[in-house]
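Each residue of the sequence shown is one higher than the last, beginning at 119 in the working numbering. Below is one structure, written out as structure tokens, with a few remarks after it.
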Amino acid sequence: MLFFLTGCYSYKWANHIGNEENNVPSDIKAYFDEFPNGIMTINAISPSETYNFDAWEKDAAYATDSLSMHFNVVKLKLHDATPKGSLIVDFIFMDGKGNQVRVPDFDLLRIVPSFNAKGEHLYPELLLEEFNRYGVSLRKEFKEFEVLFSETSTPVDKNALNRVYRTGITNGCLSAGKWEFNLNTEDFSDFDKRIHNPVNYNQSKILAHSWFLLDQNFYKRLITYKNPEMTIEDVDLTGFDYDTLSEQSQNIVIDFNALRNPIKKVWKTEMVEVGHKSERAIELLDMEEHYKIEYGLFLNQDLNSISKETYRSIIAPEKQPIKLAQFRDEGFYSNKTPLIFDMNWLQYLDNITISAIDIKDTECLSEIKVTGKWSPFTLTITNVDLAMIQEQKLYGLHYGFNVYPKSRRYNPAQPTISFDSDLMPKAYEQSTLLTETKTGKWVDNFKKGLSKVYLTYPTLEKDVLDVYLVSYERIIPLWMGRVKLPKELREKVRIRSQLYNY
119 MLFFLTGCYS YKWANHIGNE ENNVPSDIKA YFDEFPNGIM TINAISPSET
169 YNFDAWEKDA AYATDSLSMH FNVVKLKLHD ATPKGSLIVD FIFMDGKGNQ
219 VRVPDFDLLR IVPSFNAKGE HLYPELLLEE FNRYGVSLRK EFKEFEVLFS
269 ETSTPVDKNA LNRVYRTGIT NGCLSAGKWE FNLNTEDFSD FDKRIHNPVN
319 YNQSKILAHS WFLLDQNFYK RLITYKNPEM TIEDVDLTGF DYDTLSEQSQ
369 NIVIDFNALR NPIKKVWKTE MVEVGHKSER AIELLDMEEH YKIEYGLFLN
419 QDLNSISKET YRSIIAPEKQ PIKLAQFRDE GFYSNKTPLI FDMNWLQYLD
469 NITISAIDIK DTECLSEIKV TGKWSPFTLT ITNVDLAMIQ EQKLYGLHYG
519 FNVYPKSRRY NPAQPTISFD SDLMPKAYEQ STLLTETKTG KWVDNFKKGL
569 SKVYLTYPTL EKDVLDVYLV SYERIIPLWM GRVKLPKELR EKVRIRSQLY
619 NY
């Protein structure tokens, strides 16, 4: 299994599944048989060109009329036989003019959650998996999808669709079985003009975006098909109701010894900086934060004052509560129903410890804890291979179990920072969990206003590790700390990191 962790090796996902073909289970096939010709048809919704919250810059042809680029019909054709451990369908997405995007031989289970926890841990894992966003990106150059024009396509439609180079199918975070489809284009037509602008966008743009809901019973059956040890009763712990599941999960004590190998030793690290103590100015970390601030999703301040905030000022008692625009079920942010968080507790986080996991291969596999003597909560990240983290690049982790990056290529290149969680050996499955310091009980990070952790080395030396805690909906960083690694660990990281680079 450890060959996944070394070398420069790319292969198709289907090769991992195996060549043994099975007939599709009859109860799954029955869902398709309810539709004419056995082709499941689902209605989708898509926004108009006035939709303001897409992460990408809009293509000029984005939903300019009521029909073009509104891919509101989704069709799934089930294959008669499927490799063991997969469920192969052909996807067809159709807009109002009949233009089609076809994704052949797509494994539905690629974006169905895989559950790694056992026993009571299943409650928070179900919540953290189902209410996070993860999906796959399909590439035109590898013929992972095709575009077909209708007889009523205009030259504008054809020109736009010919520019498509990526499509994505994503399991959304708002409700169980709510999936997304998007088309992205490369547009260099105005490159000469853009290059002289003070701000240069990436030439990737979004052409279409739509959301569709799978039948709840069908979706639950997909989950049990991917997770054979589960039953429908396991999946239906609370009917996927977020608040009920969250309340039940917060009574569960997390057993970290069940999530990783034993701790081998605690490294002698040194805290170099804690952002709120040094009064470091807040600088937005990535493109997502920049556009969310520009959209006005951070409701306490206007755009011009963000640059004046520090890690101390933003969590100060007089600045509480922090108000963030809520991401609603419809897929829109709303500042009329903000979510309110008291982030003053972050002032008590002032220490980062790093421990080596007892595993034969390396001492770089680590557990990172962010805590403090008076902090009510502790953040624990298990099984972090410090050699996978790159200098001056953000290693992003959502909260949950086996939380390697959730957005990935359909046919993944494995020896990169974007390891696929479904392919990870058990001993390397990461977890990122917030717990009560005194009791060890699981804490709902979303209700505490946190949604992501970033790790990075600020310099080529890789002797200092930065940790950032980012707010709900990844709008703004709220806490940072910097810890210096001992020389022995630093050298082990430098040597092992070469395994991922050749």
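Even glycine gets a Cβ: it sits at the ideal position worked out from N, Cα and C.
**Prompt:** What's the C-alpha gap between Leu205 and Gln510?
**Reply:** If you number the sequence shown from 1, residue 205 lands on position 87. If you number the sequence shown from 1, residue 510 lands on position 392. So the alpha carbons of these two residues sit roughly 39 Å apart.
**Message:** Cutting at 6 Å between CB atoms, please list the residues of its own chain near Phe150, excluding the five before and the five after it.
**Reply:** Counting from one through the sequence shown, the residue named residue 150 turns up at place 32. Closer than 6 Å at Cβ, skipping near neighbours: Gly156, Met158 and Leu196.
**Item:** Cut-off 7 Å between Cβ atoms - residues of its own chain near Tyr572, not counting five sequence neighbours on either side
**Value:** Along the sequence shown, one-based indexing puts residue 572 at 454. If we look at Tyr572 and ignore the five residues flanking it on each side, its Cβ neighbours are Leu403, Leu512, Tyr513, Gly514, Tyr586 and Val588.
**Prompt:** Closest by CA to Lys441, which one among Met461, Glu152 and Asn140?
**Reply:** Here the question's residue 441 lines up with position 323 in the sequence shown. Per the Cα distances, Met461.
**Request:** Tell me, please, which residues DSSP counts as bridged to Tyr513.
**Result:** The residue labelled residue 513 in the question sits at position 395 within the sequence shown. Looking at the DSSP assignment, Tyr513 forms a beta bridge with Leu573.
**Message:** For Glu671, tell me which candidate among Ser164, Ile163 and Ile593 has the shortest Cα-Cα distance.
**Reply:** This structure cannot speak to residue 671, because the chain is shown only from 119 to 620.
**Request:** Pick out whichever of Lys410, Ile470 and Arg600 has its Cα sitting closest to the Cα of Trp174.
**Result:** Here residue 174 refers to the residue found at position 56 of the sequence shown. The residue with the shortest Cα to Cα distance from Trp174 is Lys410.
**Asked** Whole alpha helix (DSSP H) runs in the region 293–372 with 4 or more residues, listed along the chain?
**Response** 309–312, 334–344, 350–353 and 360–367
**Message:** So, under 8 Å CB-CB, Val601 and Thr387 are touching, yes? Tell me the CB distance rounded to an integer number of Å.
**Reply:** Taking the first residue of the sequence shown as 1, we reach residue 601 at position 483. Taking the first residue of the sequence shown as 1, we reach residue 387 at position 269. That pair is a contact at about 5 Å.
**Request:** Would you mind reading off the limits of the alpha helix (DSSP H) that contains Ile146?
**Result:** The residue you call residue 146 lines up with position 28 of the sequence shown. Start and end: Ser144 to Asp151.
**Asked** Can you tell me the Cα-Cα spacing of Thr272 and Leu325, whole angstroms?
**Response** Here residue 272 is taken as the residue at index 154 of the sequence shown, counted from 1. Here residue 325 is taken as the residue at index 207 of the sequence shown, counted from 1. Cα-Cα distance, rounded: 15 Å.
**Segments assigned beta strand (DSSP E), at least 3 residues, entirely inside the region 202–234** = 206–213 and 218–225
**beta strand (DSSP E) segment containing Asp503, residue limits** = Locating residue 503 in the sequence shown gives position 385, where the first residue counts as 1. That run of the beta strand (DSSP E) goes Phe495 to Asp503.
**Prompt:** So what's Ile507 in DSSP terms, helix, strand or just coil?
**Reply:** Counted from its first residue, the sequence shown places residue 507 at position 389. Here Ile507 sits in coil by DSSP.
**Request:** For Leu467, I'd like the list of residues in its chain whose CB is within less than 7 Å of its CB, leaving aside the five on either flank, ordered along the chain.
**Result:** On the sequence shown, position 349 is the one that residue 467 refers to. The residues are Val488, Thr489, Gly490, Ser493 and Trp597.
**Prompt:** Per DSSP, what kind of secondary structure is Ala531 in: helix, strand or coil?
**Reply:** As a position in the sequence shown, residue 531 is number 413, starting the count at 1. Residue confidence is low: Ala531 scores 48 on pLDDT, short of 50, so the model does not pin down where it sits. No coordinate-derived value is stated.
**Item:** Proximity winner among Lys176, Asp361 and Leu617, relative to Glu248 (alpha-carbon distances)
**Value:** Position 130 of the sequence shown holds residue 248. If we check each option's Cα against that of Glu248, Asp361 comes out closest.
**Same chain only: Cβ atoms within 6 Å of Gln218, ignoring 5 sequence neighbours per side** = Position 100 of the sequence shown holds residue 218. Counting only Cβ-Cβ distances below 6 Å, and skipping sequence neighbours, we find Ile210, Met212 and Leu266.
**Item:** Touch test, the region 176–190 against the region 229–245, Cβ-Cβ under 8 Å, three pairs minimum
**Value:** no
**Request:** Write down the C-beta distance between Gly214 and Ser184 rounded to the nearest angstrom, noting that I regard them as a contact closer than 8 Å.
**Result:** For this step, residue 214 is matched to residue 96 along the sequence shown. For this step, residue 184 is matched to residue 66 along the sequence shown. Indeed, because the Cβ distance is near 7 Å, the residues count as touching under 8 Å.
**Request:** Report the option in Gln368, Tyr343, Tyr169 and Leu256 whose CA atom is closest to the CA atom of Asn141.
**Result:** Position 23 of the sequence shown, counted from the first residue, corresponds to residue 141. For the residues Gln368, Tyr343, Tyr169 and Leu256, the minimum Cα distance to Asn141 belongs to Tyr343.
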